[in-house]
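> Numbering (the numbering used here), first residue to last: 62 to 420. Take this structure, written in structure tokens, and hold onto it; I'll ask about it next.
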Ligand SMILES: Cc1ncc(COP(=O)(O)O)c(C=O)c1O
């Protein structure tokens, strides 16, 4: 039978590889902490012989109160990636353009292709940041959606508030801007953009957040969007109903109930991230200030070779040849292994000083 050629040409999603028994899986930016007992208890009470509440009212009410918005200005999905898909599909189709920085979250190109629209990728700067002026210049009358990712996956670099507001001033308010804040809870830079307070200023802005990363619920699949009700209604229309399961809704509520404990874990990961960054910098690596739960090793054309060194040290990371390697901040025992591996990469490549990312 005939498939849509652009779909047949797509690579099916490839998960970060499972790690061997003695290796660390630092390839998917997951939380290394086991689920909190209180969250396990909450899930255990699920009556999942029944369908879930399709509109996730209790969870959305809780999020609406938290962010000072109405219930209809909150939308939940089975992961924020599901909401990305719903909104791209709602706003862009064949002949339309979806604009985003590249390299960024690897799901973006596929989601755009599936919608039938065309990707317009604007290269990130050498320092791993979005080139927002170049993105503004790439807007055409066919642009329907712009994806902005802060912190950017995989470079871990933030978008600054002043750059974002200057950018928004150049975006027609008929174009939907999705600010993907999957890693917001790990951000410590005071200059970083925070989308939710800006929602009252920009009628075309939607902010995407997730319980997968800081809240450690990646396997349960629950994310949310905050934005104008009529835009989120369009996402609700393109969504597959009942996708956010009751265990996921209950777990998300329990995560909010136990937020201080989860944010303590986030703090631990931030401290670990700082330790990793400081050590990598001392080794000679030059990478963007990490603001997600991951660091970026810009190994350039040596990426594949560097990833092999990491793997030999028991570190399974996400490899983006020929740009670099994204390594999640993981278990405490993984840190020394990562740093040993990174030091070996530097040693091996000393003879090739032109390597990107090494000062
Ligand atoms: C930038 C970014 N956005 C969205 C997601 C999707 O997260 P989820 O669908 O688990 O909420 C990820 C996951 O890695 C991500 O890195």
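By construction, the Cβ of each residue, glycine as well, lies at the ideal position given by its N, Cα and C atoms. As the structure is a computational prediction, the values presented were derived from the model and not from experiment.
#1: Considering only their Cβ atoms, is the gap separating residue 371 from residue 386 smaller than 8 Å?
#2: Sort 132, 156, 115, 165 by Cα distance to residue 357 and report the nearest one.
#3: Would you call the CB atoms of residue 388 and residue 287 closer than 8 Å?
#4: So what does DSSP say about residue 381, is it helix, strand or coil?
#5: Excluding the 5 residues flanking residue 333 on each side, which residues of the same chain have their C-beta closer than 8 Å to its C-beta?
#6: Once DSSP output is grouped into helix, strand and coil, what is the label at residue 65?
#7: Do the CB positions of residue 94 and residue 308 come within less than 8 Å of each other?
#8: Indicate, with yes or no, if ligand 1 has a heavy atom lying under 7 Å from the CB of residue 220.
#9: Within 7 Å: the Cβ of residue 105 and any heavy atom of ligand 1?
#10: Report, in whole angstroms, the separation of the C-beta atoms of residue 278 and residue 316, which I expect to be a contact under 8 Å.
#11: Is residue 296 close to ligand 2? I mean its beta-carbon at under 7 Å from any heavy atom of the ligand.
#12: From this set, 142, 76, 245, which residue's C-alpha is nearest residue 328's C-alpha?
#13: Could one say the Cβ of residue 166 lies closer than 8 Å to chain D's Cβ atoms, at least one of them?
#14: For ligand 1, list every residue whose C-beta falls under 6 Å from any of its heavy atoms, going in chain order.
#15: For residue 146, count neighbouring Cβ atoms within 10 angstroms of its own Cβ and tell me buried if that reaches 16, exposed if not.
#16: Starting from residue 124 and walking both ways along the beta strand (DSSP E), at which residues does that stretch end?
#17: Run through DSSP, which three-state label would residue 286 get?
#18: Could you check whether the segment 173-190 touches the segment 144-162, counting it as contact only if at least three pairs of C-beta atoms, one from each stretch, sit closer than 8 Å?
#19: Can you list, in chain order, the residues of its chain whose CB lies under 6 Å from that of residue 214, leaving out five sequence neighbours each side?
#20: Compute the distance between the beta-carbons of residue 150 and residue 176, then report whether it is under 8 Å.
#21: Suppose the cutoff is 8 Å on Cβ atoms and the five residues either side in sequence are ignored; what does the same chain contact list for residue 131 look like?
#22: For residue 274, count neighbouring Cβ atoms within 10 angstroms of its own Cβ and tell me buried if that reaches 16, exposed if not.
Taking the definition as stated:
#1: Contact flag set, yes.
#2: Nearest C-alpha to residue 357: 165.
#3: Residue 287 sits away from residue 388, with the two beta carbons spaced by 8 Å or more.
#4: Strand.
#5: Same-chain partners within the cutoff: 390, 393, 396.
#6: Three-state DSSP puts residue 65 in coil, outside helix and strand.
#7: For residue 94 and residue 308, no; Cβs fall outside 8 Å.
#8: No, the beta carbon of residue 220 sits no closer than 7 Å to any heavy atom of ligand 1.
#9: Residue 105 Cβ: outside cutoff for every heavy atom of ligand 1.
#10: Yes, residue 278 and residue 316 are in contact; Cβ-Cβ is about 6 Å, under 8 Å.
#11: Among the ligands modelled here, namely ligand 1, ligand 2 does not occur.
#12: For residue 328, the nearest C-alpha among the options comes from 245.
#13: Annotation note: the requested chain D is absent from the structure, which comprises a single protein chain.
#14: With the cut-off at 6 Å, the residues found are 90, 140, 141, 142, 166, 210, 214, 241, 243, 271, 273, 279, 284.
#15: For residue 146, the number of other beta carbons within 10 angstroms of its own is at least 16, and it is reported as buried.
#16: Looking at the DSSP string, residue 124 is not in any beta strand (DSSP E); the run it does join, the alpha helix (DSSP H), is 118-128.
#17: In the three-state reduction of the DSSP assignment, residue 286 falls in the strand class, which pools E and B.
#18: Counting Cβ pairs under 8 Å, three or more are found: they touch.
#19: Taken in chain order, the residues that qualify are 166.
#20: Against a cut-off of 8 Å, the Cβ pair of residue 176 and residue 150 comes out as a contact.
#21: Cβ contact annotation for residue 131 (same chain, cutoff 8 Å, sequence separation greater than five): 125, 290, in chain order.
#22: It is buried - the Cβ of residue 274 has at least 16 other Cβ atoms within 10 Å.
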